[in-house]
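Colleague: One structure is given below, represented as structure tokens, and several questions about it will come after.
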Amino acid sequence: MITVHPNLKTVDPVQQKSQNKISTTKYNILTFLPLFILKYFSQPNNIYYVLNAIAGYIVYVIEPIGNVMPIVIVLVFGAIREIYEDAKRYQSDREQNLMKFEIGRNDIKIPTLSKNIKQGDILYIKHGQQVPADVIVLEGDDVVFISTANLDGEQALKPKYPTNIIGKVEINLANSDLNSFRGKINGQVFTEENAIFRGSKLQSCDIKCMAIYCGKKTKLFINKPKTSQKDSRLLQRLNKLTLYLALSSLFIMILFPLINVFSDSYYQQFPDYQAEPQDLGLNYIEKLIIYFSLLAYFIPVSLFASIEVIRLIQGILVQNDRNLLVQPVQLLIENKQKVSSSEYGEYNPAELSCIVRSSVSIENLAEVDIIFSDKTGTLTKNEMELKKYNGTENLKFGMAICANIVINHGEYFGESPDEVALVNYARNNGVELISRTDKLITIQYKDQISEFVIISSIPFTSERKRMTIALSHISGLKLFDFIEDKQSFVLTKGADTIMSTIIKNFDNTQEIVTSFSTEGYRTLVFSGKKIDDSWQGVWNQIKLLPIIDYKYTQSIQQIESSQLLFGVSAVEDKLQDNLPIFINQVQENDIRLWILTGDKTETALFIAKNAGIVDKNTQVLYLTEKELLKGGLESSVQNLKTDIESTGLSIQYLKRVKTSKIGDFLRHQLSPKPVFHPPTSFPDIQNFVIVIDGECVNQLKQQGMFYNFYNIARYAKSIIVTRCSPTQKELIVETFRKFSPESTTLAVGDGQNDVQMIRASHVGIGIAGREGLQACNNSDISIPELHFLGRLMLVHGRMVHIRNAEFFEYSVYKNAILAIMHMVFAFFNRFTMQIVLDSFLLVLYNVCLTLFAIAFQSISEKDIDDKILMDNAYMLKAFSRRYHPSLASLGIRMALAIYHSLVIILVPYFMYENGIYSTNGYPQELYATGFVFFNILMIATTAELFMHQFRWTYFGGVSVLLSIGMTIMCSWLGNSSTNYGVALLGITATQSTQFSYYLIVAIGGLFCVVPSMVAYYVQQLWFPSVSDVARQLSCAGRLGSEDIKPDYEYVQDSERFEQDVIAEIEIK
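Encoded structure:
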């Protein structure tokens, strides 16, 4: 508990210590360099490159600057990005810190800045201003309306109530609980209803308030989510493959120096080898360092820095996809009208378009195996309408009174759309809520006004699953038939599972609840009872206690017990637009769908049927509390397995490996499984659905039987988890990831109760819904409507995956050639690992000569048109490169690199059998040959890129021309100046005048390109993938048309399909 005294003395606010100054930047002028360097060296691959650069200074192999320059360039680009991002944070902080306010000193208003506000300051905040600290409202209108859109994204205004007292404040230490802000001011109790948190905005009047928590002690900053870096599945495989490359390099690095050392022991008797170290140990160490330097080209230094920039651009392109805009904005753009900020200014961008917060997640979308989805607000619109009810007249009154509602200009706003629907229904049927403050509720019924004093209000939470309000009738009609005039009473509404424990004679009502739920309605049960006037004193004693305190919970249970039933309400929640289309897209790609909802079993199952998740042929199996009562958990799970196997399916339990933490780490790092086969442990989907409730989830965890359930559930096309709490949602996602580490999970939701689940999955998708933007703010990607997820997966996920997989594979291929070339050349120089290419060209090879073309391809490549992918959803499942880079795909590239290396070295070697001479007759063998090697290398790598590109654009063509132009320019720069080294001096000019140079480069290029072209066309004609077939049919004008649209079974019959495609192509 802390005490805060109001600051009333006349003190210059500028001289105060800046308690309210905020800083979210990562660096300052003094810390930037050390922190950035520390971050850079925290990555093992960067340490590897630095050691490689140091090795170049220990033993001269190439110009040391050749190893240093790429690192410097990567560091510079990385530093620029960090500075840019931190500058944006600094600017945002500066705007917040320099906001102008007024503070009170002896009733005199003194101007000050937000950063100078301190605890205890009396603030005067005007209508429309943002609140700069966590404050207690002292003076203002009877009800102060605020917007918390900046905090939680909720559009509904919230009421706050002035204390009308200024004095000493006693309150608990700052904490993260948004529903707890309780204390005393001059001995009188205040709660969160009297407090406004930092970031809120005044919407109704000016106020006088007192700062309680400032700066980073405010709720806004305490609850600010920590950024969690999610891994790319594609990059995980590349890291494993890179590890294998590194181990291979290590083997070569040890073997080749040994061969060299033993061969040197013979050749050291000749004069040309006298400079070699006489000591075999020193000789071996020297050669080891040389091989370490040259074999580093297997893992390109520019790879990891380049992919970050490419991902950033890819994220921007996804955000600018017009097909991911809400329909009204799309129509405006299609009609070439400007999107007016006045028309859409009140909306958050997340409510209008796609927002990408983690570009890594885009490439993960192509590999999603299972989707965990919330129901309300995700599969449904969260637009509620009361359709049915069953109960007494008291039910109608309970709907109007037992609700946390804000009234603004005659319109109702509430924390839940259910409450708004119920209060609107009551008003339409003669029971109108006129006003509601923190102390008084006014109802109009039959043209008469009734008033009720609020004694206490216990809000609805996901744990309690009910709301209770204690009142006392003071004037007008008493409305409820179970109370007398001027009597105190309590009203409660909640879920039937909870209400059944506090209502007398609930048995008959359960049938009504089940009937409503079976029709797909969301149900609430209402009840109430009389209470003693002594409750006011009890509440005053317990209301400041934590809600988990035993005395608090016991007192609440006493007034909530033995209540009278009023009735049951049934509210309809409409399905999302295009939901069946999205479900079909998911099912066509064999993606499992788990629905995690807090609703009843019957309601969730009804929605699943309407959405197309459950059809007439789907077997529905249950593992609920009802089944547990029949025979326990173990028996219920066994019965579930028996029911499934009765259809002829044999369920195979996966072998569970138990190891230590170190063993798990080593197995994860060294296991080749993810790069050998498609990384999933899922069998073929079977047409059955399992319905399980929250109680069974708890029992599975407590009895350690989650693994048994998982082995059964992985066969199902869908699992529906009902009565599921936010903690259970997170538990299910984490447990699934634990049992199936190779699978890729996606979680999608729209509310605060989905945040834990979203953050626990590989890909977190937030829906901008009626419950605010909490889910969006904690997601990797946010979208306005669920069906946009289909386009994200089928189009963007697939395209980005193709681009990035090709970028990784091509980058490793083009760099592997450099290392393998020197290994081949080593056979001609007794494994001395003599450098064969000029250092100047080696530096530029990675940094710019081969980077631009593949980088442009990585943001523009497209193998199939968007419309075809959307019309033929199965194309994602049939995506042959879904799990690239793999051991097979990279193995093919490495084999190609070996072949190209042999051609690049051997063709000039044998064709220059008599040596290379300048026009003056001087020998130029080493550097001139290296120049020829490099030109053949550029032809081979450019042609390889060309053959793996499906779509050529102007930018792609320009990038290739740019690479060719820069190669020519760099060759002539090295030819004419010693500023770039001496290896190329005069070489370009001499070679360009000799016919043999052009002939050898052309022949070498042909030997590199022709086999690759033949293999490419053979594969396209006789061994096409489904994507190749679809592309050919699209070119022929068949695929995607309304007349002819091949279904997935036809595509799967690959032999017949490919024959038809070949025939079609021949006809065309």
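For the sequence shown, numbering that gives the first Met the number 0 gives the first residue as 0, with consecutive numbering after it.
Even glycine gets a Cβ: it sits at the ideal position worked out from N, Cα and C.
Can you tell me whether K117 is buried or exposed? The criterion is at least 16 other CB atoms within 10 Å of its CB, across all chains shown.
Modeller: Working through the sequence shown from its first residue, we reach residue 117 at position 118. Result: buried.
Colleague: On the DSSP letters alone, give me the boundaries of the alpha helix (DSSP H) that S635 sits inside.
Modeller: By one-based count along the sequence shown, residue 635 stands at place 636. Residues L632 to E644.
Colleague: Anyone know if the C-beta pair for V835 and F824 falls short of 7 angstroms?
Modeller: Numbered from its first residue, the sequence shown carries residue 835 at position 836. Numbered from its first residue, the sequence shown carries residue 824 at position 825. For V835 and F824, yes; Cβs fall inside 7 angstroms.
Colleague: Under 7 angstroms between the Cβ atoms of S857 and R892?
Modeller: Translated into the one-based positions of the sequence shown, residue 857 becomes position 858. Translated into the one-based positions of the sequence shown, residue 892 becomes position 893. Taking 7 angstroms as the Cβ cut-off, S857 and R892 do not qualify as a contacting pair.
Colleague: Quick one: grab the DSSP three-state call for H800.
Modeller: As a first step, residue 800 is located in the sequence shown; it is residue number 801 there, counting from the start. Helix.
Colleague: Classify M756: buried if its beta carbon has 16 or more other beta carbons within 10 angstroms, exposed otherwise.
Modeller: Residue mapping note: residue 756 aligns to position 757 of the sequence shown, counting from 1. Per the 10 Å Cβ criterion, buried.
Colleague: Heavy atom of the ligand SAM less than 6 angstroms from the Cβ of R591, yes or no?
Modeller: For the ligand SAM, the structure offers nothing, since it holds no ligand at all.
Colleague: Whose C-beta lies closer than 7 angstroms to the C-beta of H4 among residues of the same chain, with five residues either side of it excluded?
Modeller: Within the sequence shown, residue 4 is the residue found at index 5, counting from 1. Correct list, in chain order: G119 and K167.
Colleague: For G186, count neighbouring C-beta atoms within 10 Å of its own C-beta (all shown protein chains included) and say buried if the count is 16 or more, exposed if not.
Modeller: Indexing the sequence shown from 1 puts residue 186 at position 187. Classification for G186: exposed.
Colleague: Could you check which residue in G955, V754, E350 and N697 has the C-alpha nearest to that of L324?
Modeller: Locating residue 324 in the sequence shown gives position 325, where the first residue counts as 1. The option with the nearest alpha carbon to L324 is E350.
Colleague: Below 8 angstroms, how does it come out for the segment 680-688 and the segment 607-616: are there three or more Cβ pairs, yes or no?
Modeller: yes
Colleague: In this structure, how does DSSP classify T966 when only helix, strand and coil are distinguished?
Modeller: Position 967 of the sequence shown, counted from the first residue, corresponds to residue 966. Residue state, collapsed to three classes: helix.
Colleague: Going by DSSP, what residues sit across from W593 in a beta bridge?
Modeller: Here residue 593 refers to the residue found at position 594 of the sequence shown. Answer by DSSP bridge pairing, in chain order: F371 and I718.
Colleague: Contact between the segment 277-297 and the segment 243-253: three or more CB pairs below 8 angstroms?
Modeller: yes
Colleague: Quick one: what's M466 bridged to in DSSP?
Modeller: The residue you call residue 466 lines up with position 467 of the sequence shown. Secondary-structure assignment with DSSP links M466 through a beta bridge to K492.
Colleague: When you compare only the Cα positions, how much space is there between F1087 and N193?
Modeller: Within the shown structure, residues of the chain are numbered from 0 to 1067, placing residue 1087 beyond reach of any answer.
Colleague: Using only CA atoms, which one of Y424, L234 and F479 lies nearest to E1080?
Modeller: With the chain running from 0 to 1067 in the structure shown, residue 1080 is simply not present.
Colleague: Suppose the cutoff is 8 angstroms on Cβ atoms and the five residues either side in sequence are ignored; what does the same chain contact list for L628 look like?
Modeller: Walking along the sequence shown from the start, residue 628 turns up at place 629. Hits under 8 angstroms: none found.
Colleague: Note the first and the last residue of the continuous alpha helix (DSSP H) segment covering D865.
Modeller: Mapped onto the sequence shown, residue 865 falls at position 866. From DSSP, the alpha helix (DSSP H) with D865 extends over D865 to D870.
Colleague: Counting pairs of Cβ atoms below 8 angstroms between the segment 93-113 and the segment 17-29, do you hit three or more?
Modeller: yes
Colleague: Enumerate in chain order the residues of its own chain whose CB-to-CB distance from L478 is below 6 angstroms, with the five nearest sequence positions on each side excluded.
Modeller: To locate residue 478, count along the sequence shown from 1; it is residue 479. So the list reads F396 and S449, once near-sequence residues are dropped.
Colleague: So for T190, helix, strand or coil by DSSP?
Modeller: Translated into the one-based positions of the sequence shown, residue 190 becomes position 191. Note: T190 maps to coil in three-state DSSP.
Colleague: Along the chain, where does the beta strand (DSSP E) containing K528 start, and where does it finish?
Modeller: Here residue 528 is taken as the residue at index 529 of the sequence shown, counted from 1. Taken as a continuous stretch (DSSP letters only), the beta strand (DSSP E) holding K528 covers R521 to K529.
Colleague: Would you call D1042 buried or exposed, if buried means 16 or more other Cβ atoms sit within 10 Å of its Cβ?
Modeller: Position 1043 of the sequence shown holds residue 1042. Confidence in D1042 is poor, its pLDDT being 33 and thus under 50, which makes the residue's placement too unreliable to answer from.
Colleague: Could you tell me the alpha carbon to alpha carbon distance between T522 and D749, rounded to whole angstroms?
Modeller: Within the sequence shown, numbered from 1, the residue matching residue 522 stands at position 523. Within the sequence shown, numbered from 1, the residue matching residue 749 stands at position 750. Their backbone Cα atoms lie some 20 angstroms apart in a straight line.
Colleague: Between the segment 311-323 and the segment 751-766, can you find at least three pairs of beta-carbon atoms closer than 8 angstroms?
Modeller: No: fewer than three Cβ pairs fall under 8 angstroms.
Colleague: Can the beta-carbon of M910 be found closer than 7 angstroms to that of I999?
Modeller: By one-based count along the sequence shown, residue 910 stands at place 911. By one-based count along the sequence shown, residue 999 stands at place 1000. Yes, Cβ-Cβ distance for M910 and I999 is below 7 angstroms.
Colleague: What span of residues does the alpha helix (DSSP H) with S231 cover, start to end?
Modeller: Here residue 231 refers to the residue found at position 232 when the sequence shown is read from its first residue. Run containing S231: none; DSSP gives neither H nor E here.
Colleague: CA-CA distance, P131 and R197?
Modeller: Within the sequence shown, residue 131 is the residue found at index 132, counting from 1. Within the sequence shown, residue 197 is the residue found at index 198, counting from 1. Going by the C-alpha atoms only, they are around 5 angstroms apart.
Colleague: Helix, strand or coil, according to DSSP, for A1029 in the structure here?
Modeller: To locate residue 1029, count along the sequence shown from 1; it is residue 1030. It is helical.
Colleague: Quick test of your reading: G127 and L201, contact by CB under 8 angstroms. State the CB separation rounded to the nearest angstrom.
Modeller: Taking the first residue of the sequence shown as position 1, residue 127 is located at position 128. Taking the first residue of the sequence shown as position 1, residue 201 is located at position 202. Contact holds; Cβ gap of about 6 angstroms.
Colleague: Would you say I816 and S900 are within 7 angstroms of each other, going by their C-beta atoms?
Modeller: If you number the sequence shown from 1, residue 816 lands on position 817. If you number the sequence shown from 1, residue 900 lands on position 901. It is a contact, given that the beta carbons lie within the stated cut-off.
Colleague: Would you mind reading off the limits of the alpha helix (DSSP H) that contains S778?
Modeller: The sequence position of residue 778 within the sequence shown is 779, counting from 1. Element bounds for S778: n/a, residue is neither H nor E.
Colleague: Tell me whether N974 sits in a helix, a strand or coil according to DSSP, three-state version.
Modeller: Position 975 of the sequence shown, counted from the start, is the residue given in the question as residue 974. Helix.
Colleague: For C208, which beta-bridge partners are listed by DSSP?
Modeller: Sequence index remark: in the sequence shown, residue 208 carries index 209 (1-based). Note: C208 sits in a beta bridge opposite L122 and V136.
Colleague: Look at the Cβ atom of S231, then the Cβ atom of V359, and state whether they are nearer than 7 angstroms.
Modeller: Residue 231 sits at position 232 when you count from the first residue of the sequence shown. Residue 359 sits at position 360 when you count from the first residue of the sequence shown. Yes, the Cβ-Cβ distance between S231 and V359 is below 7 angstroms.
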